[in-house]
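Here is the structure we will look at, set down as structure tokens.
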Amino acid sequence: MMKPSTREWWTGFWFILPATALFVAFVYYPFASSVYYSFTEWDSIRPAKFIGWDNYAFLLEDSKMLQAAKNTIWITFIGIAVQNPLSLLLAILLNRSFRTKILLRVAFYLPVVVSLVVTSIVWGHILQYEGLLNGLLERLGLHAWKHDWLGDTGTVFPTIIALTQWQGLGYCAVIYLAGLQAIPQDLYEAAKMDGAKAINRFVHVTLPMLMPATTIVVFLTIVGGLKMFDIPYIMTGGGPGSSSYTLTLAIYNAAFRENTYGYAIAGGIVLMIFIMAVTLIQLGIMRRKEVEM
């Protein structure tokens with residue numbers, strides 16, 4: 019193989035220089051600055067004061083941040099344990115031939131298309147104490163069920179979890195539906211000829227062939243759960259108290275409401291490292307399973 023000449027090397031260098039300069043200016047430099055400011059006490063007005071690891075140490079003592087971490091992990095876990103199998107079941111049902119399947123596919127995917135801001139505002143009005151849901155319960159004679167769904171610490175977080183699962187169900191189902199339609203029908207016919215029952219065909223044909231789709235769905239569920247912000251911010255602002263806090267919301271409040279930018283940046287870096295670690299582990303495990311199957 020011939021080595022590039024000096025002229026060719028410089029030509030290539032000048033071609034990549036503008037993109038590299040932009041990448042350094044808008045990615046590397048801001049990230050390096052963020053790492054530095056995470057070790058400082060900074061309110062974006064006065065000069066930053068270096069305080070070492072104090073911001074990171076306080077993350078382990080801040081009750082709001084710890085509550086936010088607990089809520090975020092719950093959202094992510096329930097997304098994997100509930101939304102994942104429900105979306106697979108929905109995809110299997112929508113993959114069957116019946117007259118209204120196109121209409122139902124559109125109906126289940128519609129919450130994904132609608133902006134999260136719009137979704138949160140509409141559901142916020144529905145779930146408030148004098149909202150549509152409680153009004154409907156009164157009309158049905160179910161007065162005992164009337165509740166302040168977003169104002170009670172016992173119901174606000176489960177309500178937000180249910181809303182996030184509803185909103186993401188259609189998107190995950192579409193991915194599974196694409197995976198189901200890509201499975202060759204010859205495999206099912208061969209399994210039938212071997213006497214395999216429906217449950218056996220599902221376990222030994224459908225699930226292994228859906229592993230790439232499962233990897234994508236679990237990855238998106240984990241990332242979406244760990245960075246959940248829009249719904250709790252718009253519907254409750256993290257309240258009442260910190261009962262519906264998420265990590266991204268706690269970081270946002272630390273920066274833009276409490277003006278503790280150094281502390282907020284430290285929280286953001288920890289969250290970034292945690293997301294990277296979790297997703298790398300998840301992708302590594304599931305990619306190996308794809309190969310094994």
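Counting the sequence shown from 1 gives a position; the numbering used here is that position plus 18. Glycine included, each C-beta is placed from N, C-alpha and C at the ideal position.
Which residue marks the beginning of the alpha helix (DSSP H) containing residue i, and which one marks its end?
i: Phe-116; result: Counting along the chain, Phe-116 falls outside any alpha helix (DSSP H), and DSSP gives it neither H nor E.
i: Arg-25; result: 24-41
i: Ser-138; result: 134-145
i: Asp-212; result: Looking at the DSSP string, Asp-212 is not in any alpha helix (DSSP H), and its letter there is neither H nor E.
i: Met-83; result: 81-96
i: Val-236; result: 229-244
i: Ser-261; result: That residue, Ser-261, is in no alpha helix (DSSP H); it is neither H nor E in DSSP.
Per the DSSP calculation, residue i is bridged to which residue(s)?
i: Glu-59; result: Lys-67
Do residue j and residue i count as a contact pair if the criterion is CB distance below 9 Å?
i: Ser-119; j: Leu-128; result: Residue identity differs from the one stated: residue 119 is Lys in this sequence, not Ser. No. Outside cutoff.
i: Ile-93; j: Ile-179; result: yes
i: Val-236; j: Ile-98; result: yes
i: Ile-7; j: Leu-154; result: Because the chain spans 19 through 311 in this model, residue 7 falls outside it and cannot be assessed.
i: Asn-277; j: Ile-63; result: yes
i: Pro-232; j: Asn-152; result: The sequence given here places Thr at residue 232; Pro does not occur at that position. In this structure, Asn-152 does not lie closer than 9 Å to Thr-232 by Cβ.
i: Phe-126; j: Gly-188; result: yes
What number of angstroms, rounded off, separates the C-alpha of residue i from the C-alpha of residue j?
i: Ser-56; j: Pro-250; result: 25 Å
i: Phe-292; j: Ile-283; result: 14 Å
i: Tyr-279; j: Gly-149; result: 37 Å
i: Gln-183; j: Val-296; result: 20 Å
i: Gly-70; j: Ala-272; result: 18 Å
i: Gln-203; j: Glu-156; result: 51 Å
i: Ala-208; j: Ile-217; result: 15 Å
i: Thr-24; j: Ala-39; result: 22 Å
i: Ser-115; j: Leu-104; result: 19 Å
i: Pro-176; j: Met-294; result: 27 Å
i: Leu-122; j: Leu-108; result: 10 Å
i: Leu-106; j: Tyr-54; result: 44 Å
i: Phe-31; j: Arg-306; result: 38 Å
For the region 254-273 and the region 167-176, state whether three or more C-beta atom pairs, one from each stretch, are separated by less than 8 Å.
yes
Take every Cβ of the region 76-83, pair it with every Cβ of the region 146-163, and state whether three or more of those distances are shorter than 8 Å.
no
Count the CB pairs spanning the region 82-91 and the region 265-281 that are closer than 8 Å, and state whether there are at least three.
yes
Counting beta carbon pairs with one atom in the region 181-200 and one in the region 223-234, are three or more of them shorter than 8 Å?
yes
Inspect the CB distances between the region 45-61 and the region 240-250 and report whether three or more fall short of 8 Å.
no
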